[in-house]
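In case it helps, the UniProt record's numbering puts the sequence shown at residues 1 to 228.
Below is one structure, written out as structure tokens; the observations come after it.
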Amino acid sequence: MKMYDRSGFPNPARIRIVLSGKGLDNDVEFVPVDLIAAEHKQQAFLDKNPSGVVPVLELDDGTLISEATAITEYLDNLDGDPIFTGRTPLEKGLIHMMQRRAEAMVNDPVGIYFHHGTPGLGAALQAYKSPEWQGRSDWAERNRQAVEAGMRYFDHVLENREFVAVDYFSMADITVFAGLAFAEAAGLSVGEELKNLRAWRARVAELPSVKNRTGQQFLAEDARRLGF
Ligand SMILES: N[C@@H](CCC(=O)N[C@@H](CS)C(=O)NCC(=O)O)C(=O)O
């Protein structure tokens with residue numbers, strides 16, 4: 001299998017956690033995609049994923065799977081023993097519900113804020129941004145507020161429970177964890193008052209599949225190019 005992604009970026013990190021948890025790290029060849037040079041918006045990559053985003057998994061027979069949730073489902077079920085996506089119909093329903101909430105309430109608005117309220121991935125990607133939204137600070141601000149509301153929501157969810165969707169670490173936790181990392185990178189940190197969310201994040205960061213994931217570092221080369 002090949003994984004088209006970029007070390008240090010949040011959605012690729014979701015899959016690297018899954019690979020680590022499933023013991024599949026050595027079954028995948030990582031193919032780096034240069035997001036800062038907008039390689040993912042060129043035709044060769046769009047032929048693999050018309051959405052123009054990473055990660056994309058390519059199976060040995062050439063089948064392409066994109067979307068972190070879809071890739072997670074595939075990898076988690078390969079051995080017939082899912083540990084991240086639910087074992088029963090109820091668990092599957094709850095996990096998918098909460099992971100989609102995480103995307104809608106945290107990860108997606110962080111992405112909009114990152115691309116429209118900060119320099120984002122830099123100059124090469126500007127050409128691919130929708131012109132009507134460029135420089136719209138009210139749009140960025142509304143999404144920043146949405147991220148804060150999303151963080152408050154998950155803090156509330158975690159008031160009386162250990163994990164986001166079910167009583168073990170699941171795909172929903174992975175999505176929230178990656179969303180918070182992305183938020184941090186965009187300059188949006190989890191407020192001191194969100195004690196449940198902060199405690200959960202500290203716990204999750206120590207889980208073996210999260211701690212041992214391959215290539216979790218943001219590439220020094222990318223950090224330099226983005227001026228971090
Ligand atoms: N819904 C997609 C989101 C993927 C995504 O946004 N990936 C980011 C990297 S973390 C990306 O490729 N961004 C490039 C861009 O927005 O131009 C998924 O779940 O895989």
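Glycine is no exception: its CB is placed at the ideal position from the N, C-alpha and C atoms.
Boundaries of the beta strand (DSSP E) in which Asp155 is found, first to last residue: For the purposes of this step, residue 155 is taken as residue 155 along the sequence shown, with counting starting at 1. Element bounds for Asp155: not the beta strand (DSSP E) but the alpha helix (DSSP H), Ser137 to Val157.
With 16 as the cutoff for other CB atoms within 10 Å, does Lys211 come out buried or exposed? As a working mapping, residue 211 is identified with position 211 in the sequence shown. Classification for Lys211: exposed.
Sequence ranges, beta strand (DSSP E) only - wholly within the stretch 41-88, length at least 3: 56-58 and 64-66
Endpoints, the beta strand (DSSP E) within which Asp5 is located: Along the sequence shown, one-based indexing puts residue 5 at 5. It spans Lys2 to Asp5 - the beta strand (DSSP E) in which Asp5 sits, taken as one unbroken run.
Over the uninterrupted beta strand (DSSP E) stretch that includes Pro32, give me the two end residues. Stepping through the sequence shown from its first residue, residue 32 is reached at position 32. Per DSSP, Pro32 belongs to the beta strand (DSSP E) from Glu29 to Pro32.
Assuming Asn196 and Asp155 make a contact with CB atoms under 8 Å, what is their CB distance in whole Å? Stepping through the sequence shown from its first residue, residue 196 is reached at position 196. Stepping through the sequence shown from its first residue, residue 155 is reached at position 155. About 5 Å; that satisfies the 8 Å criterion.
Can you check whether the CB of Gly122 is closer than 8 Å to the CB of Arg225? As a first step, residue 225 is located in the sequence shown; it is residue number 225 there, counting from the start. As a first step, residue 122 is located in the sequence shown; it is residue number 122 there, counting from the start. Yes, the Cβ-Cβ distance between Arg225 and Gly122 is below 8 Å.
Given 7 Å as the limit, tell me if Gly111 has its C-beta closer than that to any heavy atom belonging to ligand 1. Indexing the sequence shown from 1 puts residue 111 at position 111. For ligand 1, at least one heavy atom lies less than 7 Å from the Cβ of Gly111.
Measure the beta-carbon distance from Phe182 to Val110 and round it to whole angstroms, keeping in mind my assumption that it falls under 8 Å. By 1-based counting over the sequence shown, the position of residue 182 is 182. By 1-based counting over the sequence shown, the position of residue 110 is 110. Yes, they are in contact, since the Cβ atoms of Phe182 and Val110 sit about 5 Å apart, within 8 Å.
DSSP on Glu192, reduced to helix/strand/coil? Position 192 of the sequence shown, counted from the first residue, corresponds to residue 192. Residue state, collapsed to three classes: coil.
Given this structure, state the Cα-to-Cα distance separating Glu192 from Glu103, to the nearest angstrom. Counting from one through the sequence shown, the residue named residue 192 turns up at place 192. Counting from one through the sequence shown, the residue named residue 103 turns up at place 103. Taking the straight line from one Cα to the other gives about 22 Å.
Closest to Ala199 by CA distance: which of Ala186, Phe177, Ser209 and Arg213 is it? Mapped onto the sequence shown, residue 199 falls at position 199. Measuring from the Cα of Ala199, the nearest candidate turns out to be Phe177.
Under 7 Å from any heavy atom of ligand 1, does the C-beta of Pro50 make it? By 1-based counting over the sequence shown, the position of residue 50 is 50. Not so, every heavy atom of ligand 1 lies at least 7 Å from the Cβ.
Excluding the 5 residues preceding and the 5 following residue 231 in the sequence, name in chain order all residues of the same chain whose CB lies nearer than 7 Å to its CB. Here the chain has residues from 1 to 228 only, and residue 231 is not among them.
Residue span of the alpha helix (DSSP H) that contains Leu211, given as start and end: Numbered from 1 along the sequence shown, position 211 holds the residue referred to as residue 211. Going by the sequence as given, residue 211 is Lys instead of Leu. Looking at the DSSP string, the run of the alpha helix (DSSP H) that includes Lys211 is Pro208 to Lys211.
Could you check the C-alpha separation between Arg101 and Glu29 for me, to the nearest Å? Working through the sequence shown from its first residue, we reach residue 101 at position 101. Working through the sequence shown from its first residue, we reach residue 29 at position 29. Cα-Cα distance, rounded: 31 Å.
State the CB to CB distance for the pair His115 and Trp139, rounded to an integer number of angstroms; the pair is presumed to be in contact (CB under 8 Å). As a working mapping, residue 115 is identified with position 115 in the sequence shown. As a working mapping, residue 139 is identified with position 139 in the sequence shown. Contact flag wrong, Cβ pair sits at about 10 Å.
Buried or exposed, going by whether 16 or more other CB atoms sit within 10 Å of the CB of Pro12? As a working note, residue 12 is residue 12 in the sequence shown. By the 10 Å Cβ count, Pro12 comes out buried.
Alpha carbon to alpha carbon, what distance is there between Arg213 and Leu188? As a position in the sequence shown, residue 188 is number 188, starting the count at 1. As a position in the sequence shown, residue 213 is number 213, starting the count at 1. So the two alpha carbons sit approximately 24 Å from each other.
Skipping 5 residues on each side, what residues in its chain have a beta carbon closer than 6 Å to that of Leu35? Working through the sequence shown from its first residue, we reach residue 35 at position 35. Excluding positions up to five away in sequence, the list reads Arg6 and Leu121.
Got a sec, what are the start and stop residues for the alpha helix (DSSP H) Leu125 sits in? Taking the sequence shown and counting its residues from 1, the one referred to as residue 125 is at position 125. Unbroken alpha helix (DSSP H) run through Leu125: Ala123 to Gln126.
Check each candidate in Ala127, Thr85 and Ala186 and name the one with the smallest Cα separation from Thr175. If you number the sequence shown from 1, residue 175 lands on position 175. Out of Ala127, Thr85 and Ala186, Thr85 has the C-alpha closest to the C-alpha of Thr175.
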